[in-house]
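There are 2 protein chains.
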Amino acid sequence: MARTQGSRSDVTGPRVEAAALKLFARDGYAAVSMRQIAAEVGVQAGALYSYTPDKQSLLFAMMKGHMEDLLEALAKLDSSGPPPARLERFVRFHIGFHAARPEAVFVSYMEIRNLTAENFPVIEALRRRYETALEQILRAGRDSGDFAMPDTKLAAMALIAMLTGVTTWFREGGRLSLAEVEEIYVAMVKKAVGAG
Amino acid sequence: MARTQGSRSDVTGPRVEAAALKLFARDGYAAVSMRQIAAEVGVQAGALYSYTPDKQSLLFAMMKGHMEDLLEALAKLDSSGPPPARLERFVRFHIGFHAARPEAVFVSYMEIRNLTAENFPVIEALRRRYETALEQILRAGRDSGDFAMPDTKLAAMALIAMLTGVTTWFREGGRLSLAEVEEIYVAMVKKAVGAG
DNA sequence: GTCTATACAGGGATAGAC
DNA sequence: GTCTATCCCTGTATAGAC
Numbered sequence: 001m002a003r004t005q006g007s008r009s010d011v012t013g014p015r016v017e018a019a020a021l022k023l024f025a026r027d028g029y030a031a032v033s034m035r036q037i038a039a040e041v042g043v044q045a046g047a048l049y050s051y052t053p054d055k056q057s058l059l060f061a062m063m064k065g066h067m068e069d070l071l072e073a074l075a076k077l078d079s080s081g082p083p084p085a086r087l088e089r090f091v092r093f094h095i096g097f098h099a100a101r102p103e104a105v106f107v108s109y110m111e112i113r114n115l116t117a118e119n120f121p122v123i124e125a126l127r128r129r130y131e132t133a134l135e136q137i138l139r140a141g142r143d144s145g146d147f148a149m150p151d152t153k154l155a156a157m158a159l160i161a162m163l164t165g166v167t168t169w170f171r172e173g174g175r176l177s178l179a180e181v182e183e184i185y186v187a188m189v190k191k192a193v194g195a196g
Numbered sequence: 001m002a003r004t005q006g007s008r009s010d011v012t013g014p015r016v017e018a019a020a021l022k023l024f025a026r027d028g029y030a031a032v033s034m035r036q037i038a039a040e041v042g043v044q045a046g047a048l049y050s051y052t053p054d055k056q057s058l059l060f061a062m063m064k065g066h067m068e069d070l071l072e073a074l075a076k077l078d079s080s081g082p083p084p085a086r087l088e089r090f091v092r093f094h095i096g097f098h099a100a101r102p103e104a105v106f107v108s109y110m111e112i113r114n115l116t117a118e119n120f121p122v123i124e125a126l127r128r129r130y131e132t133a134l135e136q137i138l139r140a141g142r143d144s145g146d147f148a149m150p151d152t153k154l155a156a157m158a159l160i161a162m163l164t165g166v167t168t169w170f171r172e173g174g175r176l177s178l179a180e181v182e183e184i185y186v187a188m189v190k191k192a193v194g195a196g
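So the sequence lines, in the order shown, correspond to chains A and B.
FYI, the numbering used here numbers position 15 of the first sequence as 15, with every residue one higher than the one before it.
FYI, the numbering used here numbers position 94 of the second sequence as 94, with every residue one higher than the one before it.
Written as structure tokens, this is what we have:
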């Protein structure tokens, strides 16, 4: 049970991830050095390699973790009821989830191109699963006659772009509260897909 | 009139800009080296400094140029007629202009944080002018009763995010033509702002 | 105008002491 | 588990020859 003096692997590991997330989000993956991450954690650069094999793994783990959290949370969302209700829940979920972790969102959308050839498809597949979830709601709504859209795939992309855009400008304590923003987006999205 | 042998300043300068644009768009500003740009142009790294004082100036010039082109083209757009017609023209203009230069768009939206403290506000001001142009159309439409929206500023941000998202997935020769995409977005945007 | 050569700082990652 | 020290590479930018 007793741990070696000075050993804090269980706490330092997460702190490395947190520092990397913070710095990648602020300055971009390519612009951040391992030395900067180490300084943020309060250790020497060499010590980082006890927690990650390399810089790329740090990025990949953070993006994969984010997408998995997103999909896991989505899976817990009530998927019953008529399409308009499902769509409304999706919109609120998306805005809420993304607004709660702006750094992870930012990294996940900006650093895709910095993934290696092996890691990229993994993240891409997770992202596509999320888009498909929205598209299925839209398709169900079109089939039921609740929505009217020429192309559900394109509409799904358009809506996700619109919703994710919130994180680029939303700031707690700004002109509008998150609840107000949610309200406005729900109304706008419903109208966009032709929900009466 | 005779130019020094080997002198091609008038042609090499633009080639440096083009190479920087291509590489910044593909790999990101921070990940691209001056050596890579030089290799793309076919000169040695040192020669680049005949055309730009430094790497940052390359980024700034390309972003400023892009935003100025955008605003200039927007200024030429017919701004007469009722708000729904104006909005439709704006949507078609935005999609068309952005789809025609995906690299410049990509750099302009991704590399904002890599601008220095002096350069950032310049680009930000240009961007805001563009957003304001859309917001004015929305406000005019609300005033005239053509549109229904709780917040024109937020709607403008939402629509621009949605429209700009097109450049992230649109590929010439894909499932839909640009004209089809435009059609669909025009319809979706009009509905989103409550235009009957 | 472009080249070669180079200065100098900083990058990622590893080795071995403690 | 973390440190110091270090390897080797690459980064931006400049100087001076041609």
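The beta-carbon is built from N, C-alpha and C at its ideal position, and this holds for glycine as well.
If you're wondering where the values come from, they're calculated on a predicted model, not measured in any experiment.
Checklist entry - Out of curiosity, what's the CA-to-CA distance linking residue 49 (chain B) and residue 113 (chain B)? => result Residue 49 (chain B) sits at position 49 when you count from the first residue of the second sequence. Residue 113 (chain B) sits at position 113 when you count from the first residue of the second sequence. Distance between the alpha carbons of residue 49 (chain B) and residue 113 (chain B) is about 23 Å.
Checklist entry - If we ignore side chains and look at the alpha-carbon of each, how far apart do residue 3 (chain A) and residue 41 (chain A) end up? => result Translated into the one-based positions of the first sequence, residue 3 (chain A) becomes position 3. Translated into the one-based positions of the first sequence, residue 41 (chain A) becomes position 41. Its pLDDT being 35, under 50, residue 3 (chain A) is placed unreliably by the model, and nothing is read from it.
Checklist entry - Roughly how many angstroms lie between the CA atoms of residue 34 (chain B) and residue 74 (chain A), to the nearest whole one? => result Counted from its first residue, the second sequence places residue 34 (chain B) at position 34. Counted from its first residue, the first sequence places residue 74 (chain A) at position 74. Those two C-alpha atoms are separated by around 44 Å.
Checklist entry - What are the start and end residues of the alpha helix (DSSP H) that includes residue 181 (chain B)? => result The residue you call residue 181 (chain B) lines up with position 181 of the second sequence. Looking at the DSSP string, the run of the alpha helix (DSSP H) that includes residue 181 (chain B) is 178–192.
Item to check | Residues within the stretch 132–163 of chain B neighbouring chain A, beta-carbon criterion of under 9 Å | outcome: Of all residues in the stretch 132–163 of chain B, those with a C-beta nearer than 9 Å to a C-beta of chain A are 148, 149, 150, 151, 153, 154, 155, 157, 158, 159, 160, 161, 162 and 163, reading in chain order.
Checklist entry - Do residue 27 (chain B) and residue 84 (chain B) have their C-beta atoms closer together than 7 Å? => result Translated into positions along the second sequence, residue 27 (chain B) becomes position 27. Translated into positions along the second sequence, residue 84 (chain B) becomes position 84. No, Cβ-Cβ distance for residue 27 (chain B) and residue 84 (chain B) is not below 7 Å.
Checklist entry - Taking the alpha-carbon positions, what's the residue 188 (chain A) to residue 133 (chain A) distance? => result Counting from 1 along the first sequence, the entry for residue 188 (chain A) is found at position 188. Counting from 1 along the first sequence, the entry for residue 133 (chain A) is found at position 133. Using only the alpha carbons, I get a separation of about 19 Å.
Next on the checklist: Does the CB of residue 64 (chain A) have a neighbour CB from chain B at under 7 Å?
Outcome noted: Taking the first sequence and counting its residues from 1, the one referred to as residue 64 (chain A) is at position 64. No, residue 64 (chain A) lies away from the interface with chain B (no Cβ there is under 7 Å from its Cβ).
Checklist entry - Is residue 52 (chain B) near residue 58 (chain B), with beta carbons less than 7 Å apart? => result Taking the second sequence and counting its residues from 1, the one referred to as residue 52 (chain B) is at position 52. Taking the second sequence and counting its residues from 1, the one referred to as residue 58 (chain B) is at position 58. Cβ atoms of residue 52 (chain B) and residue 58 (chain B): closer than 7 Å.
Checklist entry - So with Cβ pairs under 7 Å, would you call residue 196 (chain A) a contact of chain B? => result As a working note, residue 196 (chain A) is residue 196 in the first sequence. Judged by the 7 Å Cβ criterion, residue 196 (chain A) is not in contact with chain B.
Checklist entry - What is the rounded straight-line gap between the Cα of residue 89 (chain B) and the Cα of residue 12 (chain B)? => result By one-based count along the second sequence, residue 89 (chain B) stands at place 89. By one-based count along the second sequence, residue 12 (chain B) stands at place 12. About 37 Å.
Checklist entry - Are residue 193 (chain A) and residue 149 (chain A) closer than 7 Å when you measure CB to CB? => result For the purposes of this step, residue 193 (chain A) is taken as the residue at position 193 of the first sequence. For the purposes of this step, residue 149 (chain A) is taken as the residue at position 149 of the first sequence. Less than 7 Å divides the Cβ of residue 193 (chain A) from the Cβ of residue 149 (chain A).
Next on the checklist: Distance check for residue 160 (chain B) and residue 159 (chain A), CA to CA, integer angstroms please.
Outcome noted: The count along the first sequence starts at 1 and reaches residue 159 (chain A) at position 159. The count along the second sequence starts at 1 and reaches residue 160 (chain B) at position 160. If you take the alpha carbons of residue 159 (chain A) and residue 160 (chain B), they lie about 12 Å apart.
Next on the checklist: Between the alpha carbons of residue 137 (chain B) and residue 98 (chain B), how many angstroms are there, rounded?
Outcome noted: Position 137 of the second sequence, counted from the start, is the residue given in the question as residue 137 (chain B). Position 98 of the second sequence, counted from the start, is the residue given in the question as residue 98 (chain B). Roughly 19 Å between the two C-alpha positions.
Next on the checklist: Residues of chain B with CB closer than 8 Å to the CB of residue 192 (chain A), please, in chain order.
Outcome noted: By 1-based counting over the first sequence, the position of residue 192 (chain A) is 192. Neighbours of residue 192 (chain A) on chain B, chain order: 188, 189, 191 and 192.
Item to check | DSSP three-state assignment for residue 69 (chain B), whether helix, strand or coil | outcome: As a working mapping, residue 69 (chain B) is identified with position 69 in the second sequence. Residue state, collapsed to three classes: helix.
Checklist entry - Hey, quick one: how far does the alpha helix (DSSP H) through residue 96 (chain B) stretch, first residue to last? => result On the second sequence, residue 96 (chain B) is found 96 positions in, with the first residue counted as 1. Run containing residue 96 (chain B): 83–100, per the alpha helix (DSSP H) assignment.
Checklist entry - Got a sec: is the Cβ-Cβ distance from residue 31 (chain A) to anything in chain B below 7 Å? => result For the purposes of this step, residue 31 (chain A) is identified with residue 31 of the first sequence, where counting begins at 1. Cβ-Cβ to chain B under 7 Å: yes for residue 31 (chain A).
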